[in-house]
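Asker: Following my numbering, the numbering of the sequence shown begins with 13 at its first residue and continues without gaps.
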Amino acid sequence: MCIFCKIINKEIPSDFLFENGDVVAFKDIHPKAKTHILIVPKKHIETIKDLKEDEADEVLVGKMVLVAQDIAKGLKLDGYQLLFNVGRSAGQEVMHIHLHLMSHQ
Ligand code: AMP
Ligand code: ZN
13 MCIFCKIINK
23 EIPSDFLFEN
33 GDVVAFKDIH
43 PKAKTHILIV
53 PKKHIETIKD
63 LKEDEADEVL
73 VGKMVLVAQD
83 IAKGLKLDGY
93 QLLFNVGRSA
103 GQEVMHIHLH
113 LMSHQ
């Protein structure tokens, strides 16, 4: 099982900010900005390249962005970055889709 699946299953402790049936969000263990949060689907999908053009994946990615928006609103962040690293050559280390939410605020 991958490290993010273990975090989702609570086998590895993490600093959770959000959880629902489809998506979790927790603090990045090595923050690259003052605020650095990862938004992760519970479904194990390795990379953005593996997303299917079906409604389930469309909805899932939409939910990830809306969770990011909701967390940013809760933290009163005015500006922030949302980033997917796609593939090892682009710097993706954990092969389970995650959206980085980063802010200097
Ligand atoms: P990426 O390079 O896009 O695959 O990003 C993976 C991110 O996961 C990095 O920013 C890591 O710091 C972060 N990370 C790795 N292990 C953990 C963990 N156990 N808990 C929280 N974040 C982690
Ligand atoms: Zn996984």
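Glycine is no exception: its CB is placed at the ideal position from the N, C-alpha and C atoms.
#1: Between which two residues does the alpha helix (DSSP H) carrying F16 extend?
#2: Which first and last residues belong to the beta strand (DSSP E) in which K61 is found?
#3: Work out the CA separation of G33 and L94 for me, nearest whole Å.
#4: Three-state secondary structure (DSSP) at M107?
#5: Along the beta strand (DSSP E) that carries H48, what are the first and last residues, could you check?
Answerer: In terms of the structure at hand:
#1: Residues 15-20.
#2: No beta strand (DSSP E) contains K61, which DSSP labels as neither H nor E.
#3: 22 angstroms
#4: coil
#5: 47-53
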